[in-house]
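Peer 1: The structure is given below, and queries will be raised subsequently.
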Amino acid sequence: MAPVGVRLILAAPPVDSAGTTAERRRLAQFGLRPGAEFVVVMRTSGGGRVVAVAGSRIALDRASAHGLSVLIPHDDRGASASTAGDPVTVAG
Numbered sequence: 091m092a093p094v095g096v097r098l099i100l101a102a103p104p105v106d107s108a109g110t111t112a113e114r115r116r117l118a119q120f121g122l123r124p125g126a127e128f129v130v131v132m133r134t135s136g137g138g139r140v141v142a143v144a145g146s147r148i149a150l151d152r153a154s155a156h157g158l159s160v161l162i163p164h165d166d167r168g169a170s171a172s173t174a175g176d177p178v179t180v181a182g
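Numbering of the sequence shown is given in my numbering, commencing with residue 91 and proceeding in unit increments.
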């Protein structure tokens with residue numbers, strides 16, 4: 091699970107059954123596409139997340155947030171994004 095307030099890089103959009111092509115396209119329209127940097131700014135009571143990306147805040151339900159695979163950049167975790175280990179999910 092990705093911590094609140096830490097800068098993240100989207101490694102991959104949702105790929106399971108919850109990650110439909112329409113959902114991936116919609117997230118990309120909001121700026122959440124592979125390589126995009128964003129920050130989880132808040133957890134919601136239902137397990138979702140509010141993220142800040144490209145100057146906007148986007149609310150994600152739990153399933154959408156859980157389907158995102160992210161990397162924590164080196165200055166936030168002490169290792170470069172490419173060597174930081176396995177990607178984590180936004181919600182877990």
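A virtual CB, placed ideally from N, CA and C, is assigned to each residue, including glycine.
(1) Which value, in whole angstroms, describes the spacing of the CA atoms of F120 and A126?
(2) Measuring alpha carbon to alpha carbon, tell me which residue in L98, P93, V94 is nearest H164.
(3) Count the other CB atoms within 10 Å of the CB of V131; is the residue buried (16 or more) or exposed (fewer)?
(4) Pick out the complete beta strand (DSSP E) segments inside the stretch 109-146, 3 residues or longer, and give them in chain order.
(5) Roughly how many angstroms separate the alpha carbons of R115 and A142, rounded to a whole number?
Peer 2: Checking against the coordinates, here is how it stands:
(1) 10 Å
(2) L98
(3) V131 should be labelled exposed.
(4) 127-133, 139-143
(5) 18 Å
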